[in-house]
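The block underneath contains the structure these notes are about, expressed in C-alpha cells.
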Amino acid sequence: MGLAGHPLHLYRHLLRALRKYPSVRRKRLIADMREEFRDKRELTGEQQHEAIRLGLMELHRLGVWAGSVATNGDINVNL
Numbered sequence: 000m001g002l003a004g005h006p007l008h009l010y011r012h013l014l015r016a017l018r019k020y021p022s023v024r025r026k027r028l029i030a031d032m033r034e035e036f037r038d039k040r041e042l043t044g045e046q047q048h049e050a051i052r053l054g055l056m057e058l059h060r061l062g063v064w065a066g067s068v069a070t071n072g073d074i075n076v077n078l
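In numbering that gives the first Met the number 0, the protein residues as written are 0 to 78.
So, in C-alpha cells, the structure goes:
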C-alpha cells in the first residue's frame, strides 16, 4: 500500500525531509505542514486521496533536492 495508504507515514517522511531542507524558513515550513495535516485529518474519499497525492508530490520534490545535494547539484533527467 505504501505511503499513499498511510497518511501518518507520509507525515513522518515529510517531517524528516523538511528537517534537512536548507532554508531560513525551515521552522515555519514544518509548522505549516503540521497545521495542514491537522486541518485535513478528517478528509475522506476523493478529497483525502487528492491531499495525499499532493503530499507525495511535495515529498518527491524534497527528495529531488536531497538527491541534488548528494550529487553536488548534478541532476540527471531521463525521459
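Built from N, CA and C at the ideal position, the CB exists for glycine as well.
Nearest-angstrom beta carbon gap, LEU17 and MET32 [assumed within contact, 8 angstroms]
The beta carbons of MET32 and LEU17 sit about 6 angstroms from each other, so the pair counts as a contact at 8 angstroms.
So ALA50 and LEU42 are supposed to be a Cβ contact under 8 angstroms. How far apart are they, rounded?
For a cut-off of 8 angstroms, the C-beta gap from ALA50 to LEU42 is around 6 angstroms, short enough to register as a contact.
Where the alpha helix (DSSP H) through PRO6 begins and ends
Counted as a single uninterrupted DSSP element, the alpha helix (DSSP H) harbouring PRO6 occupies residues 6 to 19.
Find the nearest neighbour of LEU7 within the set TYR20, SER22, PRO21, GLN47, judged by alpha-carbon distance.
Per the Cα distances, GLN47.
Would LEU58 and LEU13 qualify as a contact pair, given that the criterion is a beta-carbon distance under 7 angstroms?
For LEU58 and LEU13, yes; Cβs fall inside 7 angstroms.
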